[in-house]
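One structure below.
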Amino acid sequence: MGRTNHICLMATYNDWMNAKVYEAARSLTDEELSVDRKAFFGSILGTLNHLVAGDTIWLKRFAKHPANHLALEPIRQLSAPQSLDQLLLSNIRELSAHRVWLDQVIVEWSRSITESDLDYTLNYTSMKGAPADKSFYGLVMHFFNHQTHHRGQVTTLLSQGGVDVGDTDLVVLIPSESRA
1 MGRTNHICLM ATYNDWMNAK VYEAARSLTD EELSVDRKAF FGSILGTLNH LVAGDTIWLK
61 RFAKHPANHL ALEPIRQLSA PQSLDQLLLS NIRELSAHRV WLDQVIVEWS RSITESDLDY
121 TLNYTSMKGA PADKSFYGLV MHFFNHQTHH RGQVTTLLSQ GGVDVGDTDL VVLIPSESRA
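Set out below in structure tokens:
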């Protein structure tokens, strides 16, 4: 599997898993979703907001790639989150609708990336103001890994709340190889 196909697979996995996580989260009340469960970002809602904030920050950085990916145009129009723990949307219904939209942008963007795009060195400034120059491909992999990391925390928090998300393994989406 080439790099661009892997990115498309990760975008599809991201969309699939977010749909499962949000469906499970909607089975809890707003109060249950907002309870501080001592996770990195406190509550289930706080962690889901963190993922939206982090994704938005990274996508805004990716939108500065000289390939000027048109799929990221809606992201260019968004305000940048001011912090990684900013509560962007205060209830699961609004956050879920935004997540669906964001995941569609990510899937469309993933399909527009070319192999040569991945060899670019992206210059950006961290949230702490530090300049950075890193491999675009490496940053895209970080983007998807970050989502997986925090979704794993959310599935644990949901499980502790009595909600089963079901199968979360990427292997479910990996296509079978045909045998010649």
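Residue numbers (our numbering): 1 to 180.
Ideal Cβ placement from N, Cα and C applies to all residues, glycine included.
Span separating the alpha-carbon of residue i from that of residue j
{"i": "ARG151", "j": "SER135", "result": "24 angstroms"}
{"i": "ILE106", "j": "GLY46", "result": "21 angstroms"}
{"i": "ASP117", "j": "THR29", "result": "43 angstroms"}
{"i": "ASN123", "j": "ARG61", "result": "8 angstroms"}
{"i": "HIS142", "j": "VAL165", "result": "24 angstroms"}
{"i": "VAL140", "j": "LEU102", "result": "16 angstroms"}
{"i": "VAL100", "j": "PHE40", "result": "23 angstroms"}
{"i": "VAL171", "j": "GLY138", "result": "22 angstroms"}
{"i": "ILE7", "j": "GLN104", "result": "14 angstroms"}
{"i": "PRO183", "j": "ILE113", "result": "Because the chain spans 1 through 180 in this model, residue 183 falls outside it and cannot be assessed."}
Assumed close pair residue i, residue j - CB separation to whole angstroms, cut-off 8 angstroms
{"i": "LEU88", "j": "ALA53", "result": "6 angstroms"}
{"i": "ALA71", "j": "ILE57", "result": "Incorrect: roughly 17 angstroms between the Cβ atoms, too far for contact."}
{"i": "LEU194", "j": "ALA24", "result": "Residue 194 lies beyond the stretch modelled for the chain, which goes from 1 to 180, so this question has no answer here."}
{"i": "SER90", "j": "ARG26", "result": "SER90 to ARG26, Cβ: 15 angstroms. No contact."}
{"i": "ASN265", "j": "GLN147", "result": "In the structure as shown, the chain begins at 1 and stops at 180. Residue 265 is therefore absent and cannot be evaluated."}
{"i": "HIS69", "j": "TRP109", "result": "5 angstroms"}
{"i": "THR121", "j": "ASP133", "result": "5 angstroms"}
Among the options, the one whose alpha carbon lies nearest that of residue i
{"i": "GLY2", "options": "GLU115, GLY166 and ASN18", "result": "GLU115"}
{"i": "SER83", "options": "VAL35, ASN49 and ASN91", "result": "ASN49"}
{"i": "TYR22", "options": "THR168, ALA67 and GLU177", "result": "THR168"}
{"i": "LEU51", "options": "SER34, ASN145, ILE7 and GLY161", "result": "ASN145"}
{"i": "LEU59", "options": "GLN77, GLY42 and ILE44", "result": "GLN77"}
Residues that DSSP places opposite residue i in a beta bridge
{"i": "LEU125", "result": "Before going further, note that residue 125 is Thr rather than Leu in the sequence given. PRO131."}
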